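Enquirer:
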Amino acid sequence: MNAKFTISFAWKNIIANKRRSFLTMLGMIIGVGSVIAIMAIGAGAESYVFSQLEVFGGNLVGVTPGASEEDGPPASVFGVVITTLTYDDTKEIGKIPHIMAVTPYVNGNMKVSYRDKVKNTDFSGVTSDFLEVENSKVALGRFILKDDNDSVVRNAVLGSGIAKDLFEEEDPLGKKIKIGQESFTVVGVLTEKGSSILSNQDDQIYVPVLTAQKILLGIEHISLIRAKIDEEKNISQVISVMNDILRNQHGLKSGMNDDFSVRSMSQALDIIGTVTGAISLFLGAIAAISLLVGGVGIMNIMLVAVTERTREIGLRKALGAKRKDIVSQFLVEAVMLTFVGGVVGIIGGSIFSYIVSIVVSYFGYRWDLIITMNSILISVSVATVIGLVFGIYPAYKAAKLNAIESLRYE
Amino acid sequence: MNSLIKVEDVQKAFPSGDGETQIVKGVSFEIEEGEFVAIMGSSGSGKSTLMYILGLLDKPTFGKYYFEGLDTGELDDDKLAEFRSEKIGFIFQSYNLLERTTVMDNVLLPATYLINCDIKKAREKAEILLEKVGLSHRLEYNPNKLSGGEQQRVAIVRSLINSPKLILADEPTGNLDSKSGKEIMGILQDLNNEGATIIMVTHEQQTAECAKRILTIKDGLILEDKKNGHRRLASNGDYNK
Numbered sequence: 031m032n033a034k035f036t037i038s039f040a041w042k043n044i045i046a047n048k049r050r051s052f053l054t055m056l057g058m059i060i061g062v063g064s065v066i067a068i069m070a071i072g073a074g075a076e077s078y079v080f081s082q083l084e085v086f087g088g089n090l091v092g093v094t095p096g097a098s099e100e101d102g103p104p105a106s107v108f109g110v111v112i113t114t115l116t117y118d119d120t121k122e123i124g125k126i127p128h129i130m131a132v133t134p135y136v137n138g139n140m141k142v143s144y145r146d147k148v149k150n151t152d153f154s155g156v157t158s159d160f161l162e163v164e165n166s167k168v169a170l171g172r173f174i175l176k177d178d179n180d181s182v183v184r185n186a187v188l189g190s191g192i193a194k195d196l197f198e199e200e201d202p203l204g205k206k207i208k209i210g211q212e213s214f215t216v217v218g219v220l221t222e223k224g225s226s227i228l229s230n231q232d233d234q235i236y237v238p239v240l241t242a243q244k245i246l247l248g249i250e251h252i253s254l255i256r257a258k259i260d261e262e263k264n265i266s267q268v269i270s271v272m273n274d275i276l277r278n279q280h281g282l283k284s285g286m287n288d289d290f291s292v293r294s295m296s297q298a299l300d301i302i303g304t305v306t307g308a309i310s311l312f313l314g315a316i317a318a319i320s321l322l323v324g325g326v327g328i329m330n331i332m333l334v335a336v337t338e339r340t341r342e343i344g345l346r347k348a349l350g351a352k353r354k355d356i357v358s359q360f361l362v363e364a365v366m367l368t369f370v371g372g373v374v375g376i377i378g379g380s381i382f383s384y385i386v387s388i389v390v391s392y393f394g395y396r397w398d399l400i401i402t403m404n405s406i407l408i409s410v411s412v413a414t415v416i417g418l419v420f421g422i423y424p425a426y427k428a429a430k431l432n433a434i435e436s437l438r439y440e
Numbered sequence: 067m068n069s070l071i072k073v074e075d076v077q078k079a080f081p082s083g084d085g086e087t088q089i090v091k092g093v094s095f096e097i098e099e100g101e102f103v104a105i106m107g108s109s110g111s112g113k114s115t116l117m118y119i120l121g122l123l124d125k126p127t128f129g130k131y132y133f134e135g136l137d138t139g140e141l142d143d144d145k146l147a148e149f150r151s152e153k154i155g156f157i158f159q160s161y162n163l164l165e166r167t168t169v170m171d172n173v174l175l176p177a178t179y180l181i182n183c184d185i186k187k188a189r190e191k192a193e194i195l196l197e198k199v200g201l202s203h204r205l206e207y208n209p210n211k212l213s214g215g216e217q218q219r220v221a222i223v224r225s226l227i228n229s230p231k232l233i234l235a236d237e238p239t240g241n242l243d244s245k246s247g248k249e250i251m252g253i254l255q256d257l258n259n260e261g262a263t264i265i266m267v268t269h270e271q272q273t274a275e276c277a278k279r280i281l282t283i284k285d286g287l288i289l290e291d292k293k294n295g296h297r298r299l300a301s302n303g304d305y306n307k
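As they're listed, the protein sequences go chains F and A.
Residue 440 is where the first sequence ends in my numbering, and the numbering goes up by one at each step.
Residue 307 is where the second sequence ends in my numbering, and the numbering goes up by one at each step.
As structure tokens, then:
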């Protein structure tokens, strides 16, 4: 049969039963809409996480204490403190070519007070390279001096948030604050960086690493080393040199497992990408179930349509329609239902994603609306395939009808 | 003249209960091009079954049916469908127009099933034919807006759109009042005068008498096959006598 007529007849039949067609499509609309929305929100979340991590710059390598656990979470997750990493390790790593900056981290949380204001605050013991490693900038005063890296000085640099909390309009430079029971002099304030999913750097206080170890925490180890590497192509080479140096530093003989793990930021990004991808896939699979249910609904309604239009089928056969003409007529109708449902679903899902992006942005997060061509193509083709799969049975049922009996059907 | 169709001892039985019921018990006749034949019989006489066989919608259980010399028993379903769209025009008692489909699209429907359909040409032809039956102002109407007589006129135009060799009319006036019925018979007689071959199934004597030849069927057999000497002519107004 003439394709234009097949399509126009199918369209007329869909239009003729507007309410029924819409209800039939609803399954597809909801299914495709949720697939689109989930993929868009997943992509948005991923891009948000990446953008947060890229604040540090891409060419970062991190060293954490404890063996790298490919099979499960690191032991630190369970509260085990591993003390194998030291400030000396940091210094050795700093000698590797291509490393532009490296800083150790020791972290703690204490009550910080200025006059009558008290705030529970995270602090980090770092070195002067911190600024370059973290792409941070000083707004007031200065950061930890290179000369202070190896000495215990009671200087503190404040994040913009904690500076505001403690000093409000007052100039903090040169003022004395208390971290725990210890007295420190404020030497600088960092520029605002915005909150990230990892930590809120604006609410942190930075002190020299040895000061943090000896005065505040009373420990010898550090919890993290971060190094910035000049170019991305050198990362893998630097990591392997780092491994050798650390094994040597820790006196590990060949055959013994590493007691540290080295990860580049790009590896971390990969891991996060894998995790968010898996979550999106899982949610997408749930949404796909509603597509399946929608498909069953379409099959159901097409079977009703075949019964209702028995006389029409008989007439068409009498007038010269072949089996394949009847099959294609009902198939086109089913596919049209799912296709139109899919298109409406894409529009609905996109609108929903847009609303989500607006709401999330309203709460102060930088959120991109990402609706990929892929998710649209996948949705439309899945919708079409569902139309074909669930339309084929009713269509064949129609084609098998006997022309004479159908013509006499009341 | 060559015979257009030739029926040889055609029988048709339907399964019923344990055995089968013979509806058509062996009929033979020939129809030539340009004839206007009425197949007359009461309900249950087997005339409808015979018409479905003649229309290639059903196959005889015994006997041969030749169309233009071709043994139709050898055609498969798709070939039969092709044959129907090219060679046979159907007119039904209940019009059988598609609802929610314009007069024009209803008329074009058989053309869409032609293997090489030229919709543009078919549309031009439809316009001419619809004008001829006085419906040129109703092209874009849906059938439910038309009277019964108008609907049947659309159905007649539909049966003509592929220029068939044979027009099969099944009780074409059965659902119509006598005035509309007369109009329809007038159109059929005009078509016949222009050369169309028409087979009409009816149970009404008066309608049958519009044809040139009357085949009377009873209990699945031909009771009588006669030329109609006193043909009623719808155009002369003697249809309702």
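Ideal Cβ positions, reconstructed from N, Cα and C, are used throughout, including at glycine.
Note that the structure is predicted; figures quoted are calculated from it, not measured.
#1: Specify, as a first and last residue, the run of the alpha helix (DSSP H) that F/A9 falls within.
#2: Which whole runs of the alpha helix (DSSP H) in the segment 259-306 of chain A are 4 residues long or more, in chain order?
#3: Can you have a look at A/P81 and say buried or exposed, based on whether 16 or more other CB atoms are within 10 angstroms of its CB?
#4: Please identify the residue among A/I227, A/A274, A/G261, A/I233 whose C-alpha is closest to the C-alpha of A/K248.
#5: So is F/M272 buried or exposed if we call it buried at 16+ other beta carbons inside 10 Å?
#6: With 7 Å as the C-beta to C-beta threshold (strictly closer), list the residues of the segment 155-169 of chain A near chain F in chain order.
#7: Based on the DSSP output, what are the partners of A/K231 in its beta bridges?
#8: To test your reading of the DSSP string, which unbroken alpha helix (DSSP H) runs of 4 or more residues are found completely within the segment 164-247 of chain A?
#9: Check whether the Cβ of A/K78 lies closer than 8 Å to any Cβ atom in chain F.
#10: Taking the straight line between their C-alpha atoms, what separation do you get for F/I302 and F/D180?
#11: Which partner residues of F/S143 appear in the DSSP bridge assignment?
#12: Suppose contacts are defined by Cβ-Cβ distances below 8 Å. Is A/I264 in contact with A/A235 by that definition?
#13: Please tell me whether A/L226 has its Cβ less than 8 Å away from any Cβ of chain F.
#14: What are the residues in the segment 107-136 of chain A lying within 8 Å of chain F by C-beta distance?
#15: When you compare the CB of F/T37 with every CB in chain A, is at least one pair closer than 8 Å?
#16: Can you find a heavy atom of the ligand ATP that lies under 7 Å from the Cβ of F/G248?
#17: Could you name the residues of the same chain whose beta carbon sits closer than 6 Å to that of A/T282, not counting the 5 residues immediately before and after it, in chain order?
#18: Between the C-alpha atoms of A/K113 and A/V267, what's the straight-line distance to the nearest angstrom?
#19: Put A/M251 into one of helix, strand or coil per three-state DSSP.
#20: Counting C-beta neighbours from all protein chains within 10 Å, is the total for A/S151 16 or more, i.e. buried, or is it exposed?
#21: Does A/E99 come out as helix, strand or coil in the three-state DSSP assignment?
#22: Check whether the Cβ atoms of F/I343 and F/I331 lie closer than 8 Å to each other.
#23: If we ignore side chains and look at the alpha-carbon of each, how far apart do F/A193 and F/D274 end up?
#24: Rounded C-beta distance between F/Y236 and F/A315? I'm assuming under 8 Å.
#25: Quick one: does A/T138 have its CB under 8 Å from some CB of chain F?
#26: At which residue ranges does the segment 273-303 of chain F contain complete beta strand (DSSP E) runs of 3 or more residues, listed in the order of the chain?
#27: Against chain A, does F/E435 count as a neighbour if the rule is that its beta carbon must be under 8 Å from one of theirs?
#28: Thinking just about the alpha-carbon of each residue, which of A/L299, A/G286, A/A277 is nearest to the one in A/K293?
#29: Please state the DSSP three-state secondary structure of A/Q159.
#30: Could you spell out where the alpha helix (DSSP H) holding A/G112 opens and where it closes?
#31: Please identify, using Cβ separations under 7 Å, the residues of the segment 167-186 of chain A that lie next to chain F, in order along the chain.
#32: Can you check which of these residues, F/V326, F/N264, F/V323, is closest to F/S296 by C-alpha distance?
#33: Whose Cβ in chain A lies nearer than 9 Å to the Cβ of F/G338?
#34: For F/L333, which residues in the same chain have their Cβ closer than 6 Å to its Cβ, ignoring the five residues on either side in sequence?
#35: Can you tell me which of the three DSSP states F/V183 falls into?
#36: Go ahead and pull the three-state DSSP assignment for F/E250.
Expert: Taking the geometry as given:
#1: Outside the displayed range of chain F (31 to 440) lies residue 9 of chain F, so it cannot be described from this structure.
#2: 271-274
#3: Exposed is the call here.
#4: A/A274
#5: Buried.
#6: F156, N162, L164, R166, T167
#7: In DSSP, A/K231 forms no bridge with anything.
#8: Within the segment 164-247 of chain A, the complete alpha helix (DSSP H) segments at least 4 residues long are 169-178, 185-198, 214-226, listed from N- to C-terminus.
#9: Judged by the 8 Å Cβ criterion, A/K78 is not in contact with chain F.
#10: 35 Å
#11: The partner list for F/S143 (beta bridge, DSSP) reads F/V148, F/K208.
#12: yes
#13: no
#14: Y118, G121, L123, D124
#15: It should be pointed out that residue 37 of chain F corresponds to Ile in this sequence rather than to Thr. Not an interface residue.
#16: In the structure on display, the ligand ATP does not appear, and there are no ligands present to speak of.
#17: M106, L289, E290
#18: 7 Å
#19: helix
#20: buried
#21: coil
#22: no
#23: 41 Å
#24: F/Y236 to F/A315, Cβ: 45 Å. No contact.
#25: no
#26: 290-294
#27: no
#28: If we check each option's Cα against that of A/K293, A/A277 comes out closest.
#29: A/Q159: coil per DSSP, three-state reduction.
#30: Premise fails: A/G112 is in no alpha helix (DSSP H) and is neither H nor E.
#31: T167, L175, P176, T178, Y179, C183, I185
#32: F/N264
#33: The amino acid occupying residue 338 of chain F in the given sequence is Glu; Gly does not appear at that position. The contacting residues do not exist; F/E338 stays about 11 Å from chain A at best.
#34: So the list reads P424, once near-sequence residues are dropped.
#35: In this structure, F/V183 counts as coil in the three-state DSSP scheme.
#36: coil
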